[in-house]
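Chains as they are written, first to last, in this note's numbering: chain A, 1 to 348; chain B, 1 to 348; chain C, 1 to 329.
Each residue gets a CB set at the ideal place from its N, CA and C atoms; glycine is no exception.
Read the structure below first, then the notes.
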Amino acid sequence: MSIWRNMPLRAKIGVFLFGFFALVAIFGPIFEPFNPGFENQDPKFSLNPPSLHHLLGTTQLGEDVFSQVLTGTRLTFEVSLLVGLIATVLSVLIGVTAAYLGGIWDDLLSLLTNVFLVIPALPLLIVLLGYLSNEGQTPTIIVLAGLGWPWGARVIRAQTLTIRNRDFIGASRETGEPTWRIIIFEIIPNEVSLIAANFVNTVLYALGASVALAFIGIANLTSFSLGVVLYWAQNGNALQSGDWWWWIPAGLVIALMGTSLVLLNSGIDEIGNPRLRASHETGRVGGHRIWTTDPTPVLSQLTAPRSKVGQFAYSFSRSALLDRAATKNQANGAAEARTKTPTGGEIL
Amino acid sequence: MSPILEISDLSVVYRTPGGDVRAVENVSLELNPGEVVGLCGESGSGKSTLAYGATRLLRTPALVTSGSVKYGGRRLTSGGDPVDLMAMTHHELRAMRWREIAIVFQSAMNALNPVLRVQDQLLDAIHAHLKMPRREAHEKAAELFDLVGIPRNRLRSYPHELSGGMRQRVMIAMALATDPEVVIMDEPTTALDVVVQRDILAQIVELKERLGFAILFITHDLSLLLELADRIAVMYAGRLMETGASQDLVRDPAHPYTRGLLNSFPSIRGPRRELTGIPGSPPDLRDPLAGCPFVPRCGFAVPACTAVDMTLEPWNGAHEARSYLPGSAHLTACPIVTPKVSQEGVLS
Amino acid sequence: MSFILRRLAFYLVAAWVAITLNFFIPRAVPGNPVQTILSKYPDLTPQAYKALSQMIGGALQHGSLWSQYTAYLSDVFHFNFGTDLANFPTPVSQILDQAIPWTLILVGTATVIAFLLGTLLGILAGWRHGGWLDRALPVLMFLQAAPYFFVALILVYFLALKGGWLPSAQGYSAQDVSPGWNWAFISNAAEHSVLPAGTIVLTSVAGWMLQMRNVMITTISEDYVVAAQAKGLSRSRIIYTYAARNALLPQLQGFGLALGFVVSGAVVMEIVFSYPGIGYNLVQAVGAKDFPLMQALFLVITFAVLIANLLVDVIIVLFDPRARTREAR
Numbered sequence: 001m002s003i004w005r006n007m008p009l010r011a012k013i014g015v016f017l018f019g020f021f022a023l024v025a026i027f028g029p030i031f032e033p034f035n036p037g038f039e040n041q042d043p044k045f046s047l048n049p050p051s052l053h054h055l056l057g058t059t060q061l062g063e064d065v066f067s068q069v070l071t072g073t074r075l076t077f078e079v080s081l082l083v084g085l086i087a088t089v090l091s092v093l094i095g096v097t098a099a100y101l102g103g104i105w106d107d108l109l110s111l112l113t114n115v116f117l118v119i120p121a122l123p124l125l126i127v128l129l130g131y132l133s134n135e136g137q138t139p140t141i142i143v144l145a146g147l148g149w150p151w152g153a154r155v156i157r158a159q160t161l162t163i164r165n166r167d168f169i170g171a172s173r174e175t176g177e178p179t180w181r182i183i184i185f186e187i188i189p190n191e192v193s194l195i196a197a198n199f200v201n202t203v204l205y206a207l208g209a210s211v212a213l214a215f216i217g218i219a220n221l222t223s224f225s226l227g228v229v230l231y232w233a234q235n236g237n238a239l240q241s242g243d244w245w246w247w248i249p250a251g252l253v254i255a256l257m258g259t260s261l262v263l264l265n266s267g268i269d270e271i272g273n274p275r276l277r278a279s280h281e282t283g284r285v286g287g288h289r290i291w292t293t294d295p296t297p298v299l300s301q302l303t304a305p306r307s308k309v310g311q312f313a314y315s316f317s318r319s320a321l322l323d324r325a326a327t328k329n330q331a332n333g334a335a336e337a338r339t340k341t342p343t344g345g346e347i348l
Numbered sequence: 001m002s003p004i005l006e007i008s009d010l011s012v013v014y015r016t017p018g019g020d021v022r023a024v025e026n027v028s029l030e031l032n033p034g035e036v037v038g039l040c041g042e043s044g045s046g047k048s049t050l051a052y053g054a055t056r057l058l059r060t061p062a063l064v065t066s067g068s069v070k071y072g073g074r075r076l077t078s079g080g081d082p083v084d085l086m087a088m089t090h091h092e093l094r095a096m097r098w099r100e101i102a103i104v105f106q107s108a109m110n111a112l113n114p115v116l117r118v119q120d121q122l123l124d125a126i127h128a129h130l131k132m133p134r135r136e137a138h139e140k141a142a143e144l145f146d147l148v149g150i151p152r153n154r155l156r157s158y159p160h161e162l163s164g165g166m167r168q169r170v171m172i173a174m175a176l177a178t179d180p181e182v183v184i185m186d187e188p189t190t191a192l193d194v195v196v197q198r199d200i201l202a203q204i205v206e207l208k209e210r211l212g213f214a215i216l217f218i219t220h221d222l223s224l225l226l227e228l229a230d231r232i233a234v235m236y237a238g239r240l241m242e243t244g245a246s247q248d249l250v251r252d253p254a255h256p257y258t259r260g261l262l263n264s265f266p267s268i269r270g271p272r273r274e275l276t277g278i279p280g281s282p283p284d285l286r287d288p289l290a291g292c293p294f295v296p297r298c299g300f301a302v303p304a305c306t307a308v309d310m311t312l313e314p315w316n317g318a319h320e321a322r323s324y325l326p327g328s329a330h331l332t333a334c335p336i337v338t339p340k341v342s343q344e345g346v347l348s
Numbered sequence: 001m002s003f004i005l006r007r008l009a010f011y012l013v014a015a016w017v018a019i020t021l022n023f024f025i026p027r028a029v030p031g032n033p034v035q036t037i038l039s040k041y042p043d044l045t046p047q048a049y050k051a052l053s054q055m056i057g058g059a060l061q062h063g064s065l066w067s068q069y070t071a072y073l074s075d076v077f078h079f080n081f082g083t084d085l086a087n088f089p090t091p092v093s094q095i096l097d098q099a100i101p102w103t104l105i106l107v108g109t110a111t112v113i114a115f116l117l118g119t120l121l122g123i124l125a126g127w128r129h130g131g132w133l134d135r136a137l138p139v140l141m142f143l144q145a146a147p148y149f150f151v152a153l154i155l156v157y158f159l160a161l162k163g164g165w166l167p168s169a170q171g172y173s174a175q176d177v178s179p180g181w182n183w184a185f186i187s188n189a190a191e192h193s194v195l196p197a198g199t200i201v202l203t204s205v206a207g208w209m210l211q212m213r214n215v216m217i218t219t220i221s222e223d224y225v226v227a228a229q230a231k232g233l234s235r236s237r238i239i240y241t242y243a244a245r246n247a248l249l250p251q252l253q254g255f256g257l258a259l260g261f262v263v264s265g266a267v268v269m270e271i272v273f274s275y276p277g278i279g280y281n282l283v284q285a286v287g288a289k290d291f292p293l294m295q296a297l298f299l300v301i302t303f304a305v306l307i308a309n310l311l312v313d314v315i316i317v318l319f320d321p322r323a324r325t326r327e328a329r
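Here's what the structure looks like:
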């Protein structure tokens, strides 16, 4: 529960946003009014702006955009999550193994990781998919996952190296705990926030990459993932013709899904690295803003005179409560000191 | 002679979401020109917080809740009244820093900028406060190196290229660059091996004799202070337990905590005796107990100990003070031996 | 120095892997790329045939796999990428020569600008942690998360189509000017590059800023920054020479790592704007199943990224005195 409370507002927004899209992805297509691929041959239905009948208008071929967006959300969501999952598992496996085994294995696996990290992914994806056929989402998923693990593997390897050298691992080894148990029960629990951040990042990458590939036209163009919707919109000159309902909703969904992931990640970042928390509580003392690099604030300087109203309002804040308690302590201490000051000698 | 640094009734808290942590509580301490005062205590006793809080170097969420720190250096006051650091503006503080009060940090490796040559870091300190042409400044930097015993050809080295002892000497050279009146040394030799420690300490004493600055020497190692310091102040749980001239403290420690500290290290001379530590651990500073904070670990505690305020009083069984330094009366906050509770019993 | 040499060796290995991938992928995928070519481009000269056979293999191959491999390697070494299929008989290298400058200038400049701007903003945001720059974060995160081309589309919609202030596509207006070192052409090309460059900058600034901000926040809590404050140094000296110069090192490393992604984004950018660079040509090649061009473009992109990474490594060594003595990780 303290995790939730300490998350910055924007991370909480990220959670809600992501949850919303998850719900849409799961339940949306059940409620779609039309079959997304249903083409209405009647030209009267082509390129209609949003109406009661078609909530987001129609495409050039008379298909209902709203239904396409719903199905698209599910498909894109699926692909991104699957790739994220597979790639994260791969990166944890490789990263932890490389760090734990060390020696020649570490060198080899690290070399592999770094090579695939430095070779640009999208061009390679384009080339790979260019040779493959375009059936279904599976090739895309495999290829994306196959190129999405190096980043995480590198980060996890670095973290595992620092953990591995800590004493409690050495202690476990001494007591004869088998390697796999050490890895699963001692090392990985210490990296949870890192793995979580890595997962979110990979999903983000998969989202961007799959949409980009589809938009370029290198994907299964008969499905209705959001990228494909955008492809057809671009193909049908929706931009130039001002048919905004065709491309803006899909694009917005992608952008918002991505944003929710980035927001989530900033929350995970701050959990892992407490220094990043934007000192909500501690950045303000006595109602004044204190920057991290300012000299230590002095209470008597901060409680400067305010207007009557300001003083009244401030007296209800938590910091006012703490200030009162602090000054009460000082008053007690000081009062007694005054009565008991020895007459001779100075107080050191 | 008036003190060059007078800390009066200083209290520093860390304002956390869980409440205020009372790191330093009503501490009063004086530093006279040219003298060495040792500040001794275990980790978490508040000694570093005291020093950094007094110079307002602590970062949020630290907060000074009471007290004043008066500095009486002639340069700043021009013969007038001492100035209170707590009342200074940011600008005045910055001008005063280093020029009047310099700090030698604990870990030179961490306190030196890794990407700057040591010469440049010295020059930074010089240029920030003294107006002198570049060539003169370079010559001054070289002279400082001579002063601390580092060969001049090391001026253009980077911190990581120097040994631990040399880095610490660089820190000392840097501290003396602008001729300060007060040098605060925060455990300067803790990270070094014993041989180097000896050298550095000897160097410090020699420099002090030559240049005449006062030293506030913070350490957890009481044995060091016995030779080095003129006066010693013992801190525990944010409060002063005992102060006095070094010889007086060693001969007749008043507070049970001081006794415990003295018993924790062997002496080369004298009969062999059993080493006793101090069982237990320091208290939680968020919820300080009333009275003496050492009560839970004290073998001599009486019920009155929990009701006493912690002001320093002359030690009941004090011999004639042997040193002639002003304010070197042997004081302690332990109620058992001071006039406050003495009818209950006296330490044997 | 040995650090640079080690990195160079690594990049050579990576380049070799890329070339080898290029060699094996068409031979390894299911389906028959060769058939596709033959059916699409029935009249090919014997030379083109031979070059293709080296590149693709399959039904066209003769000689052992190893001999093909070595022949391919030597071809790449001599920058002989064969003949383009879609624009037969133009040699691929000619197309490369035309496309590379566009991408290099646009993407290179825009990325550097975005990096510098983002880093600078990140320094300020990190120093003033919790201040107003932090409030701008969610907006910037949105820009970072939104797909490049979506932002591009919006910009095009409002600034080009509706506002008519800037051209919406192409590298230059072919009907107005022709390529050459004259002002008319350069200004026209510059005009056409504003939107693509602007999109790259807008979408990537947020990422650099966030990263630098986070590194700065960690760096500020380091002891040497506190020591610098204790020395009474001026604020700008502390921010830039003590904090930022140290924070720059992980930031530069991040830049190196992200170069691959930068390039990917640029590829898509060129599609949206029909900008005649490498990315644009790559996608056209895929659509046309123009394998020689496809392979060559992939190699060019990869080599560019590797070279850029090497440059970043050199810069890091210049900035970090410890790197010269550090073991390669």
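Local Cβ density within 10 Å of A/H54, reported as buried at 16 or more and exposed below that:
Translated into positions along the first sequence, residue 54 of chain A becomes position 54. Buried: at least 16 other Cβ atoms inside 10 Å.
Give me the Cα-Cα distance between C/I315 and C/F255, rounded to the nearest whole angstrom.
Taking the first residue of the third sequence as 1, we reach residue 315 of chain C at position 315. Taking the first residue of the third sequence as 1, we reach residue 255 of chain C at position 255. Near 11 Å, if we compare the C-alpha coordinates of C/F255 and C/I315.
Take the Cβ of A/F27 as the centre, count every other Cβ of all protein chains shown within 10 Å, and call the residue buried at 16 or more, exposed below.
The residue you call residue 27 of chain A lines up with position 27 of the first sequence. A/F27 comes out exposed.
Give the DSSP-derived three-state secondary structure of B/K70 in the structure shown.
One-based indexing of the second sequence puts residue 70 of chain B at position 70. Assigned with DSSP and collapsed to three states, B/K70 falls in strand.
Cβ of B/G270 within 8 Å of any heavy atom in the ligand HEM?
No copy of the ligand HEM appears in this structure; indeed no ligand is present at all.
Does the stretch 222 to 230 of chain C come close enough to the stretch 94 to 113 of chain B to have 3 or more Cβ pairs within less than 8 Å?
yes
Report the residue from A/N114, A/I126, A/L70 and A/P49 whose alpha carbon sits nearest the alpha carbon of C/P348.
The structure shown does not extend to residue 348 of chain C, since chain C is modelled only from 1 through 329, so no value can be given for it.
Tell me the DSSP secondary structure of B/L255 in three-state form.
Looking up residue 255 of chain B in the second sequence gives position 255. Residue 255 of chain B is actually His in this sequence, not Leu. In the structure shown, B/H255 sits in coil (DSSP, three-state: anything other than H, G, I, E or B).
C/A59 CB to nearest chain A CB: under 9 Å?
To locate residue 59 of chain C, count along the third sequence from 1; it is residue 59. In this prediction, C/A59 scores a pLDDT of 48, lower than 50, which makes its location untrustworthy; the coordinate-derived value is nonetheless stated afterwards. No, C/A59 does not count as interfacial toward chain A.
Tell me the residue span of the beta strand (DSSP E) that contains C/A285.
Looking up residue 285 of chain C in the third sequence gives position 285. Per DSSP, C/A285 is not a residue of any beta strand (DSSP E); the alpha helix (DSSP H) it occupies stretches across I278 to G287.
Short-range partners of chain B found in the stretch 289 to 322 of chain C, where Cβ spacing is below 9 Å
F319, D320, P321 and R322
C-beta atoms of B/G285 and B/G44 nearer than 9 Å:
Residue mapping note: residue 285 of chain B aligns to position 285 of the second sequence, counting from 1. Residue mapping note: residue 44 of chain B aligns to position 44 of the second sequence, counting from 1. Note that residue 285 of chain B is Leu in the sequence shown here, rather than Gly. Going by C-beta atoms, B/L285 is nearer than 9 Å to B/G44.
With C/L116 and C/A125 assumed to form a contact (beta carbons below 8 Å), what rounded beta-carbon distance in angstroms separates them?
Residue 116 of chain C sits at position 116 when you count from the first residue of the third sequence. Residue 125 of chain C sits at position 125 when you count from the first residue of the third sequence. Rounded, the Cβ-Cβ distance is 15 Å, inconsistent with contact.
C/V139: buried (16+ other C-beta within 10 angstroms of its C-beta) or exposed?
As a position in the third sequence, residue 139 of chain C is number 139, starting the count at 1. Classification for C/V139: exposed.
So which residues of chain C does B/H129 contact, with C-beta pairs closer than 9 Å?
Translated into the one-based positions of the second sequence, residue 129 of chain B becomes position 129. The contacting residues are K231 and G232.
When you compare only the Cα positions, how much space is there between B/S157 and C/R245?
Position 157 of the second sequence, counted from the start, is the residue given in the question as residue 157 of chain B. Position 245 of the third sequence, counted from the start, is the residue given in the question as residue 245 of chain C. So the two alpha carbons sit approximately 17 Å from each other.
Cβ of C/A228 less than 9 Å from any chain B Cβ?
The sequence position of residue 228 of chain C within the third sequence is 228, counting from 1. Cβ-Cβ to chain B under 9 Å: yes for C/A228.
Coil, strand or helix - B/A434 by DSSP
This structure cannot settle anything about residue 434 of chain B, because the visible part of chain B is limited to 1 through 348.
Alpha helix (DSSP H) segments (min. 4 residues) lying fully within the stretch 209 to 254 of chain A
226 to 235 and 238 to 241
I'd like to know whether the C-beta atoms of A/I216 and C/I271 end up nearer to each other than 9 Å.
As a first step, residue 216 of chain A is located in the first sequence; it is residue number 216 there, counting from the start. As a first step, residue 271 of chain C is located in the third sequence; it is residue number 271 there, counting from the start. Yes.
Counting only C-beta atoms, is B/N113 closer than 9 Å to chain C at any point?
Counting from 1 along the second sequence, the entry for residue 113 of chain B is found at position 113. Cβ-Cβ to chain C under 9 Å: yes for B/N113.
Determine, using beta carbons only, whether A/N220 and A/Q137 come nearer to each other than 9 Å.
To locate residue 220 of chain A, count along the first sequence from 1; it is residue 220. To locate residue 137 of chain A, count along the first sequence from 1; it is residue 137. Result yes, Cβ atoms of A/N220 and A/Q137 sit closer than 9 Å.
Note down the Cα distance separating A/I154 from A/A197, rounded to an integer number of angstroms.
On the first sequence, residue 154 of chain A is found 154 positions in, with the first residue counted as 1. On the first sequence, residue 197 of chain A is found 197 positions in, with the first residue counted as 1. For the sequence presented, residue 154 of chain A should be read as Arg rather than Ile. Going by the C-alpha atoms only, they are around 13 Å apart.
Using 9 Å as the limit for Cβ to Cβ distance, is A/S300 near chain B?
Numbered from 1 along the first sequence, position 300 holds the residue referred to as residue 300 of chain A. Judged by the 9 Å Cβ criterion, A/S300 is in contact with chain B.
Check for me: the beta strand (DSSP E) holding B/G38 runs from which residue to which?
Residue mapping note: residue 38 of chain B aligns to position 38 of the second sequence, counting from 1. It spans V36 to C40 - the beta strand (DSSP E) in which B/G38 sits, taken as one unbroken run.
Can C/I19 and C/L299 be called in contact, C-beta distance under 9 Å?
Here residue 19 of chain C corresponds to residue number 19 of the third sequence, with the count starting at 1. Here residue 299 of chain C corresponds to residue number 299 of the third sequence, with the count starting at 1. Their beta carbons are under 9 Å apart, which means C/I19 touches C/L299 by this criterion.
Tell whether a beta-carbon distance below 9 Å holds between C/V305 and C/P147.
Counted from its first residue, the third sequence places residue 305 of chain C at position 305. Counted from its first residue, the third sequence places residue 147 of chain C at position 147. No, the pair does not count as a contact, with Cβ atoms beyond the cut-off.
B/K70, buried or exposed, once every other Cβ within 10 Å from all chains shown has been counted against 16:
In the second sequence, residue 70 of chain B corresponds to position 70, counting from 1. Classification for B/K70: buried.
Spatial neighbours of C/G207 within its chain, please: CB distance less than 6 Å, with the 5 preceding and 5 following residues excluded, ordered by chain position.
Sequence index remark: in the third sequence, residue 207 of chain C carries index 207 (1-based). Q144.
Quick one: using the 10 Å Cβ neighbour count with 16 as the cut-off for buried, is B/K131 buried or exposed?
Counting from 1 along the second sequence, the entry for residue 131 of chain B is found at position 131. Classification for B/K131: exposed.
Can you list, in chain order, the residues of the stretch 106 to 139 of chain C whose Cβ is nearer than 9 Å to any Cβ on chain A?
W127, R128, H129, G130, G131, D134, L137 and P138
Looking at chain B, is there any beta carbon in it that lies within less than 9 Å of the beta carbon of A/P8?
Here residue 8 of chain A corresponds to residue number 8 of the first sequence, with the count starting at 1. No - not a single Cβ of chain B is within 9 Å of the one on A/P8.
Which residues does DSSP pair with B/G19 in a beta bridge?
Walking along the second sequence from the start, residue 19 of chain B turns up at place 19. According to DSSP, B/G19 bridges with B/T16.
Taking 8 Å as the cut-off, does the stretch 138 to 154 of chain B touch the stretch 271 to 281 of chain C (at least 3 CB pairs, one atom from each stretch)?
no
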